Amino acid sequence: MASSVDPLVVGRVIGEVIDMFMPSVSMSIYYGNKQVTNGCDIKPSRTVDPPTVNIAGRVERLYTLVMTDPDAPSPSEPSMREWVHWIVVDIPGATDPSQGREILPYMGPRPPIGIHRYVFVLFQQQAPAAMVAAPPTRANFSTRAFAARYGLGLPVAAVYFNAHKEPATKRR
């Protein structure tokens with residue numbers, strides 16, 4: 000079934016991004032053949048394209064997926080917390096985000112300095128998300144406020160990975 004929230008507490012995802020919750024839906028996320036597991040490292044060059052996301056659950060249920068960076072622009076000075084990278088609503092259970100409605104297009108991680116956490120949060124919707132609009136800016140997004148505004152309640156699944164700026168390739 001769903002995994003423990005302990006790594007989310009240790010990684011400060013619970014507290015800084017979302018509140019404590021009980022996972023109830025399985026969600027797997029892959030960038031190529033690399034599975035996203037809590038606290039794993041993934042190079043930004045592997046995250047240019049949207050990941051493959053598989054959501055369990057019943058097909059008659061609808062889900063919202065939000066991806067944010069709570070460490071923007073710098074983990075020591077997160078003045079833009081959270082930077083929102085992706086929002087997809089109306090995802091039927093037992094499918095993936097391609098079956099939902101993209102509210103904010105995917106933007107791959109580009110951490111400028113330090114190690115950044117990239118958090119995927121899944122919410123179960125109570126009804127179709129007819130009135131959800133894209134945020135006016137990607138900076139200073141709040142997953143909690145978004146969930147409250149649209150009546151999403153607590154998450155049903157969450158996972159995060161770490162990434163840092165890759166060294167520039169040397170040209171000769």
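Going by numbering that gives the first Met the number 0, the letters in the sequence shown line up with residues 0 to 171, in that order. C-beta atoms are modelled at their ideal positions from N, C-alpha and C, and glycine is treated no differently. Owing to the predicted nature of the structure, the values given are computational and were not obtained by experimental measurement.
The region 33-44 / the region 53-64 touching (three or more Cβ pairs under 8 Å):
Fewer than three beta-carbon pairs drawn from the region 33-44 and the region 53-64 are found closer than 8 Å, and the two stretches are therefore not classed as touching.
For ALA167, which of helix, strand or coil comes out of DSSP?
Here residue 167 is taken as the residue at index 168 of the sequence shown, counted from 1. Coil at ALA167, not helix or strand.
Residue from GLY10, ARG11, ILE17 whose Cα sits closest to the Cα of LEU151
Working through the sequence shown from its first residue, we reach residue 151 at position 152. Answer by Cα proximity: ILE17.
Please work out which residues of its chain come closer than 6 Å, Cβ to Cβ, to PRO72, disregarding the five sequence neighbours upstream and downstream, and give them in chain order.
If you number the sequence shown from 1, residue 72 lands on position 73. These residues qualify, in order along the chain: MET79, PRO111.
Collapsed DSSP secondary structure at GLU76 in the structure displayed:
Reading the sequence shown from its first residue, position 77 is the one you call residue 76. GLU76 falls in the strand class under three-state DSSP.
What's the C-alpha gap between ALA162 and GLU81?
Here residue 162 refers to the residue found at position 163 when the sequence shown is read from its first residue. Here residue 81 refers to the residue found at position 82 when the sequence shown is read from its first residue. Going by the C-alpha atoms only, they are around 15 Å apart.
Within 10 angstroms of the Cβ of TYR62, are there 16 or more other Cβ atoms? Answer buried if so, exposed if not.
Along the sequence shown, read from residue 1 onward, the residue named residue 62 stands at position 63. Its Cβ being crowded by 16 or more others within 10 Å, TYR62 is buried.
Cβ pair ILE28, PRO50 closer than 8 Å:
Counted from its first residue, the sequence shown places residue 28 at position 29. Counted from its first residue, the sequence shown places residue 50 at position 51. A contact, by the Cβ cut-off of 8 Å.
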